[in-house]
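A.B. asks: For reference, the structure I am asking about is given below.
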Amino acid sequence: MATFKLHVNGKEKQVDVDPATPVLWVLRDHLELTGTKYGCGVAACGACTVHLDGVPVRSCQLPVAAIGIKKITTIEGLSDNNSHPVQAAWIEEQVPQCGYCQSGQIMAAVALLQKKTSPTDADIDAAMQGHICRCGTYPRIREAIKKASKKMSVKG
Amino acid sequence: MEPKDISRRKFIRATGLSATALTLGFYFSGESKASTIIKGEDAENYGVSLNSWIHIDTNGKVTIVCHRAEMGQGAYQAIPQMIAEELEVNLNEVNIIFGKGDTVKYGSQVTGGSSTVRGSYKNLLKLSASARDMLITAAAAKWSVSTAECFAEAGHVIHRSSGKKMHYGELVVDASKLEAPKNVQLKKVADYKLIRKPLPRQDTPLKTNGTAVFGIDKKIPGMLYAMVERNPRLRGKVKSYDDSAALKVPGVKKVFKVTMKVFSTDREGVAVVADSTWAAMQGRKALKVVWDDTGFEYVSTEEIYKKMKAELQSKDGLSAKKQGDPDPVLAQQKNKLDVIYETPYQAHACMEPLNCVAHHKGDSIEIWGPIQAPDWVQGDISQKMGIKKENVQVNMTFLGGGFGRKAFLDYTHEACLISKEAGAPVQVIWTREDDMTQGPFRPGVSYRAEGAVNNGEITAVKFRMCGQNIGHWMGSKKDVPNDSVLEGFQPHYFDNIKNISFSDIPFETPVPIMWWRSVYASTNGFAYESFMDELAVAAGKDPLAFRKQYLKNERCQKLLEKVEELSGWKARKPKQGYGVAITECFSSTVAQVVKVSKDATGKIKIDKVWAVIDCGWYVNADTVRAQVEGSIIMALGAATNHEIHFKDGLAVEKNFTTYRMPRINEIPPIEVHIMDNNEDAGGVGEPGLPPFTPALTNAIFDLTGKRIRKLPFDLAKV
Ligand code: FES
Ligand code: FES
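Set out below in structure tokens:
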């Protein structure tokens, strides 16, 4: 066991855990941030995606000891009222079915749009193909990303 | 407080609702299919159990008890949308709570067979209209006017001529003193304000900000976490185990053997209980378990399919349906078709792996989890744990996918056993590997199809199916055919095919099996609709025209015409492959056309899928479309991407690395059209799945002349 100071969604948190614990389980079991999901544990589904200094990472593969001072953003940290343009687009396009994969999908989409404001279909494929949706919401995910891109370009 | 009020008060307390209110439910008297609407407080007088669906308190707050599981299919939206329509309230003013597992209170709650809407909509509409009428009657009495002069709108009753207006909340006390009306007038489809509209789902915002609580997210005070190392041979036993290293892992509290039921058989494992999921995982890794596999058959996929094929070649099986007699016709025919279709075993692979929180409190149990069948779970736990049914509380959370797997009872039972032994509330989490390898699986089924055509007409068709029967695992008789032999087959084919028969050759393996989205239609549809295509080709007919020729029923004709028109079937160009298929299940019929071509490297590419669904009466157009899109993508995965293999009695694929799911870049454009009619409601969550695969393989045949009869197949290697 060891103590770690973490920056999560703009707040400083302290946890006392096994240094090998993946960030996924630290968030879920110790910080009660359960929006980030467990899907496979082997970096094959994307359900656990969070941002580390703005870069999407698979939190199931990331030991808490490796974080250092990097800032973690989870789905709960995107906005307090679903107002992030990606969340808004997701709601307008009615993307989720069961919803379980969607935190990861949204975090990946946010990261994509931060890098490329007007992604092509190929960009979307590349950024999103690590993310499984068993319910098959892929066509709507594509549309929602395009819609969010429009929202962001109007704003910016 | 009169004694007759007890059951209602109990209910109200349990749900945390306010007691001063209009509570209206319905019950079924005796064998009759028609429901009777009844007030909450009258339930005891009538000697029936309370069915509390609508609850309006003195603030006008409307609470709807949602009796079905929400696993992505839209029950969370569909039920309130129906109720708000007839009750005349705004959808966003309605509070939804999930009912707890209780057969008496809600009738069947099993979310399976695409039955959420079609099983309940008439009663729900009637119930809502009754509440509305009672509120109107109460207002009319207050104003001393006739009810005909009043109407309801947006949670108010309004007096038409004077414009006087009263909020429902002000009327509930008076309304609750009235008798529930015997007859109510339901709205006409044309007058719907909410039903049929593609309204946004109420649960969507919870699923875009991480606040929706799935089973795996549930936490209760003092809760511990458990992982179980289960015998990987599905039903083998634990011979011995060494927990010394496991107990040294920081956070690990207890290690013990656990035996859960898989149908009537046992599955043994060793549970590790700890203070976090990670600690439980580490403890589990440190276990040393010796398994006892005595008596277990070391099944392999190869052998299963070899045996099924041999059975199909040598046996006739149990007759499930016979019209005319295909045998003598086939015996005379020189050029008859005689082919085998094979479909694989599949995992449900819900994105949310199995999990359950259980709190065993001695003489009562409360559980929380992603549960498709709360009433079954209640009965099952009561029986297996020896606790009175009324002391078993089953709470449904959101489900991260269900597809039939979460209608099973193993994981809930196991969690109760572990909580009991641990002496604390425990959350049991299955890893992806546990979830994928332990089953129950969708059975792989093989088919033999024989048929003949003469002068462009079908003269005989004979289908034999061979595969495991889910019913056998649930205790059904073994000398009767599988009751799902015809699932998926559009029944109107029988109107025009003179000699046709279906039979089932019973087939057993030790692999546990369970419903999987659209159940046997998911495999039957491929065999039956591929064969229709083969017959069309043999008859020298256009496959879509051929189906129209044999499905003369008006709804089928309209459906086929629609998909023909949408897909531009008649205007197809060279180097484009078009395939069609039509299937029926859960009282809905879906026709699909798939268009394929070759990409620059010569690989098959799916250009587009058109789907037309006739599900009769429906609630939410957008939900219907989403369900059909999702079904098609699930079918695409099962047809071209993944399969569970068995080797030495073990499932080979353990995670998404080898059980390869379709990804966003593999998804073709999908266009869904819903037929508008006023027929009885059919299912929506499953019927879109079965026709996709045969439409795809029929399209590939159209393009390449290659007939695919074994699933899954690799699109890149056709
Ligand atoms: S849980 Fe981390 S990628 Fe699947
Ligand atoms: S919405 Fe269910 S897995 Fe994506």
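If you're matching them up, the sequences are chains A and B in order.
Numbering-wise, the first sequence is residues 1 to 156 according to UniProt numbering.
Numbering-wise, the second sequence is residues 1 to 718 according to UniProt numbering.
Even glycine gets a Cβ: it sits at the ideal position worked out from N, Cα and C.
Predicted model only: the values in this text are computed from it and were never measured.
(1) According to a CB-to-CB cut-off of less than 7 Å, which residues of the region 82-105 of chain A neighbour chain B?
(2) Under a Cβ-count criterion, where at least 16 other Cβ atoms within 10 Å of its own Cβ denotes burial, should glutamine 427 (chain B) be classed as buried or exposed?
(3) Once DSSP output is grouped into helix, strand and coil, what is the label at cysteine 48 (chain A)?
(4) Taking 8 Å as the threshold (beta carbon to beta carbon), is aspartate 217 (chain B) in contact with chain A?
(5) What alpha helix (DSSP H) runs, 4 residues minimum, are completely inside the region 493-529 of chain B?
(6) Using the beta-carbon of each residue, which ones in chain A are nearer than 7 Å to lysine 350 (chain B)?
(7) Check whether the Cβ of methionine 351 (chain B) sits closer than 7 Å to any heavy atom of ligand 2, and report yes or no.
(8) For the region 476-489 of chain B and the region 544-559 of chain B, state whether three or more C-beta atom pairs, one from each stretch, are separated by less than 8 Å.
(9) For arginine 140 (chain A) and threonine 120 (chain A), what's the separation of their Cα atoms in angstroms?
(10) For the region 269-282 of chain B, list every residue whose C-beta sits within 9 Å of some C-beta in chain A, in sequence order.
(11) Give me every residue whose Cβ sits closer than 6 Å to any heavy atom of ligand 1, in chain order.
(12) Under 9 Å between beta-carbons, which chain A residues line up against lysine 248 (chain B)? List them in chain order, please.
(13) According to DSSP, is isoleucine 470 (chain B) part of a helix, a strand, or is it coil?
(14) May I have a chain-ordered list of the alpha helix (DSSP H) segments no shorter than 4 residues that lie completely inside the region 603-634 of chain B?
(15) For lysine 218 (chain B) and asparagine 620 (chain B), I'd like the C-alpha separation in whole angstroms.
(16) Straight-line CA distance for cysteine 585 (chain B) to threonine 693 (chain B)?
(17) Got a sec, what are the start and stop residues for the alpha helix (DSSP H) methionine 661 (chain B) sits in?
(18) Rounding to the nearest angstrom, what Cα-Cα distance links asparagine 92 (chain B) and lysine 13 (chain A) in this structure?
(19) Check whether chain A comes within 8 Å of threonine 204 (chain B), counting only Cβ atoms and requiring the distance to be less than that.
(20) Looking at the unbroken beta strand (DSSP E) that takes in asparagine 335 (chain B), where does it start and where does it end?
(21) Return the CA-CA distance between isoleucine 418 (chain B) and isoleucine 220 (chain B), expressed in angstroms with no decimal places.
(22) By how many angstroms is the C-alpha of isoleucine 69 (chain A) removed from the C-alpha of valine 57 (chain A)?
(23) How big is the Cα-Cα spacing for cysteine 356 (chain B) and arginine 517 (chain B)?
(24) I need the straight-line Cα distance from glutamine 627 (chain B) to isoleucine 340 (chain B), nearest angstrom please.
(25) If you measure beta-carbon to beta-carbon, which residues of the region 424-447 of chain B are closer than 7 Å to chain A?
(26) Counting only beta-carbon separations shorter than 8 Å, does alanine 716 (chain B) have a partner in chain A?
(27) Got a sec: is the Cβ-Cβ distance from residue 168 (chain A) to anything in chain B below 8 Å?
(28) Which residues of the region 391-421 of chain B have a Cβ closer than 9 Å to any Cβ of chain A? Give them in chain order.
(29) Strictly below 8 Å CB to CB, what residues from chain B border valine 42 (chain A)?
(30) Just verifying my parser: in three-state terms, what is the DSSP assignment at glutamate 671 (chain B)?
(31) Would you please verify whether the beta carbon of cysteine 45 (chain A) is less than 8 Å from any beta carbon of chain B?
(32) Applying the 10 Å Cβ sphere with the 16-neighbour rule, what's the burial state of methionine 465 (chain B)?
(33) Quick one: is the Cβ of threonine 137 (chain A) within less than 7 Å of any heavy atom of ligand 2?
(34) Closer than 6 Å by C-beta to glutamine 282 (chain B): which residues in its own chain qualify, once you throw out the five before and the five after it? Chain order, please.
(35) If you count every other CB in all the chains shown that lies within 10 Å of the CB of glutamine 383 (chain B), and 16 or more means buried, which is it?
(36) Buried or exposed, going by whether 16 or more other CB atoms sit within 10 Å of the CB of aspartate 614 (chain B)?
C.D. replies: Working from what's here:
(1) Asn82, Gln87, Trp90, Ile91, Gln94, Pro96, Gln97, Cys98, Gly99, Tyr100, Cys101, Gln102, Ser103
(2) buried
(3) coil
(4) yes
(5) 493-496
(6) According to the sequence provided, residue 350 (chain B) is cysteine. The question's lysine does not apply to it. Near cysteine 350 (chain B) (Cβ distances below 7 Å), the residues of chain A are Arg134.
(7) yes
(8) no
(9) 15 Å
(10) Asp275, Ser276, Thr277, Trp278, Ala279, Met281, Gln282
(11) A:Tyr38, A:Gly39, A:Cys40, A:Gly41, A:Ala43, A:Ala44, A:Cys45, A:Gly46, A:Ala47, A:Cys48, A:Arg58, A:Cys60
(12) Going along chain A, no residue has its Cβ under 9 Å from lysine 248 (chain B), so there is no contact; the nearest lies around 13 Å.
(13) helix
(14) none
(15) 29 Å
(16) 15 Å
(17) Neither: methionine 661 (chain B) is in no alpha helix (DSSP H) and is coded neither H nor E.
(18) 36 Å
(19) yes
(20) Looking at the DSSP string, asparagine 335 (chain B) is not in any beta strand (DSSP E), and its letter there is neither H nor E.
(21) 16 Å
(22) 15 Å
(23) 22 Å
(24) 31 Å
(25) Thr431, Arg432
(26) no
(27) Not covered by the structure: residue 168 (chain A). The range shown for chain A is 1 to 156.
(28) Phe398, Leu399, Gly400, Gly401, Gly402, Phe403
(29) Arg432, Asn655, Phe656, Thr657
(30) strand
(31) yes
(32) buried
(33) yes
(34) Val249
(35) exposed
(36) buried
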